[in-house]
Every structure is written in C-alpha cells, then in structure tokens.
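Protein chains in written order, with the working numbering: chain C, 29 to 139; chain A, 457 to 573. A virtual CB, placed ideally from N, CA and C, is assigned to each residue, including glycine. From a predicted model like this one, the values you see are computed outputs, not experimental measurements.
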Amino acid sequence: QSALTQPPSASGSPGQSVTISCTGTSSDVGDYNHVSWYQQHPGKAPKLMIYEVTKRPSGVPDRFSGSKSGNTASLTVSGLQADDEADYYCSSYAGSALIGVFGGGTKVTVL
Amino acid sequence: EVQVVESGGGLVQPGGSLRLSCAASGFIFNSHWMAWVRQAPGKGLEWVANINRDGSEKDYMNSVKGRFTISRDNAKNSLSLYMNSLRAEDSAVYYCARRFSSSFDYWGQGALVTVSS
Numbered sequence: 029q030s031a032l033t034q035p036p037s038a039s040g041s042p043g044q045s046v047t048i049s050c051t052g053t054s055s056d057v058g059d060y061n062h063v064s065w066y067q068q069h070p071g072k073a074p075k076l077m078i079y080e081v082t083k084r085p086s087g088v089p090d091r092f093s094g095s096k097s098g099n100t101a102s103l104t105v106s107g108l109q110a111d112d113e114a115d116y117y118c119s120s121y122a123g124s125a126l127i128g129v130f131g132g133g134t135k136v137t138v139l
Numbered sequence: 457e458v459q460v461v462e463s464g465g466g467l468v469q470p471g472g473s474l475r476l477s478c479a480a481s482g483f484i485f486n487s488h489w490m491a492w493v494r495q496a497p498g499k500g501l502e503w504v505a506n507i508n509r510d511g512s513e514k515d516y517m518n519s520v521k522g523r524f525t526i527s528r529d530n531a532k533n534s535l536s537l538y539m540n541s542l543r544a545e546d547s548a549v550y551y552c553a554r555r556f557s558s559s560f561d562y563w564g565q566g567a568l569v570t571v572s573s
C-alpha cells in the first residue's frame, strides 16, 4: 500500500490551465480504471472532483478533467479561478484488496 | 440532504482505546459501502478501512490491521471504528465517508484523535 506520487506544488495564473500528475505502478493506477481526484480547502473535508479516471460528479464544473496513460493519471484544471487554490489528492485501488491508496497531495496556487 | 457526522474523537494515551461513531442521514444507508479515511496534521490522506453494505466484508490498511475494527448498524444508520493499541502515529482527523464506486462522494467534518501521554 505505497502512496501514489504527486508533485508537491503547481501553479498558474487566472484563466490558465494547470495539470497535476499522479504516478503509481502496474498494481494500482496502471491496473484499474479507478482513479479519483479530491479537492481540499484548508480546514475543510475533501471534495470529490473526478472518479473512475474521467467522470465528474454532478455539480463539478467541466473545467476539471481527468485522464490516464499507463501508470500515470492526471487532473487538468482549465480556466483557473481563485477558488481553485487548494490541495488536490489522487487515489486508486491497489492490489487485490479493496483498500486503496492516496497520493501525497499537490498544492495548487493561483498566482 | 446527505449527511455524515462523526463523533467520539479526543485525547488518549498511547496503548489506549477509542471508539469513533458516524451518524448517516439523507440516503439509504444499507445501499452503500462506507469507509474511514484519516489525515494527520499537515499531512496527506490515508484510506483506513472499508465495510460493505451488510457488514460481511471489512478491509484495512496494513498499519491498522489487528488493532482497528470497522463495523456498522444498518438499523441505526451508523458506522463505527474501534481503535485499540493506539500509537502516536494514529493521531489524525478521522473522516467518515460514503463510498461511491471506488471513490468517496460524501465526507463528514472529521473527528480529531490525539494519541499522547
């Protein structure tokens, strides 16, 4: 159950796009189309933004999109807004157990 | 409105025990897997434990196996986490979360557990 690898930080100006990577192995990200992304503002609970690699829950803007290639998943936030400044975490199933793993988190700063 | 509300956090000495509870409302509780996720202060998220709809299947992260027990009472729409042999590294905010596919779509506000002498 090793944590997935995310860059510690990413940034962009308002209106620009930022992409966050989430690298795992062939036993987690590479083996399942079960990657999720969460947004967490300081002092708040995480919020689901993307599930099953590319799907958006109701109410999540289409500025948020997910993708996957091999053992690496990505979250792209287009048209950056001030409220997008937050920590973002990826997660995936791992191995044969139904317990998954999270990435270490990426702090997105809107310049 | 879907709500999950945790309770039972607090300060406990190393080696001690604590029970967290989660009250669910606004959805058909026995139709969903449930889970506990924790976050140590200033750190990332950790997927602690899962339980299936009828409580017959339970899964745990390696570091809590044999020490933590997840359970549910579908008649009371409640989820519990029994934590024994607590260690300093178990100190965290513990979130109750509703499972949706392989993700968590609703989260509580969290219960703070501090393990310290």
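For C:Gln34 against C:Gly131, the beta-carbon gap comes to about 4 Å, under 8 Å, which counts as contact. Of all residues in the segment 104-133 of chain C, only Tyr117, Ser119, Ser120, Tyr121, Ala125, Leu126, Ile127, Gly128, Val129, Phe130, Gly131, Gly132 and Gly133 come within less than 8 Å of chain A when Cβ atoms are compared, listed by chain position.
Closer than 7 Å to the CB of C:Pro74 there is at least one CB belonging to chain A.
Nearest to A:Ser463 by C-alpha distance, out of A:Ile507, A:Leu537, A:His488 and A:Asp546, is A:Leu537. About 6 Å separates the beta carbon of C:Ala73 from that of A:Tyr551, a gap short enough to meet the 8 Å contact definition. A:Val458 counts as exposed, since fewer than 16 other beta carbons sit within 10 angstroms of its beta carbon. From the beta-carbon of C:His69, no residue of chain A is found nearer than 7 Å; the closest lies around 12 Å away. For C:Ile78, the uninterrupted beta strand (DSSP E) run begins and ends at Lys75 to Ile78, by DSSP. Using beta-carbon distances, A:Asp561 counts as an interface residue toward chain C, with a partner under 7 Å.
Counting of Cβ neighbours within 10 angstroms places C:His69 among the exposed residues, the total staying below 16. Per DSSP, the continuous beta strand (DSSP E) segment holding A:Glu462 begins and ends at Gln459 to Ser463. The beta carbon of C:Val81 lies closer than 6 Å to those of Asn61, Val63, Gly94 and Lys96 in the same chain, with the five residues before and after it left out. Taken in chain order, the whole beta strand (DSSP E) runs of length 3 or more contained in the segment 523-548 of chain A are 524-529 and 534-539. C:Thr51 is a Cβ neighbour of C:Thr100, given a cutoff of 7 Å. Judged by beta-carbon spacing, A:Gly465 lies within the 7 Å limit of A:Leu568, meaning their Cβ atoms are closer than that value.
For C:Ser39, the enclosing beta strand (DSSP E) starts and ends at Ser37 to Gly40. Within chain A, no residue has its CB atom less than 8 Å from the CB of C:Ser55, the nearest being about 14 Å off. Partner residues in the beta bridge of C:Ser95, as assigned by DSSP, are C:Ser102. Our two residues, C:Tyr116 and C:Lys83, have alpha carbons roughly 16 Å apart in a direct line.
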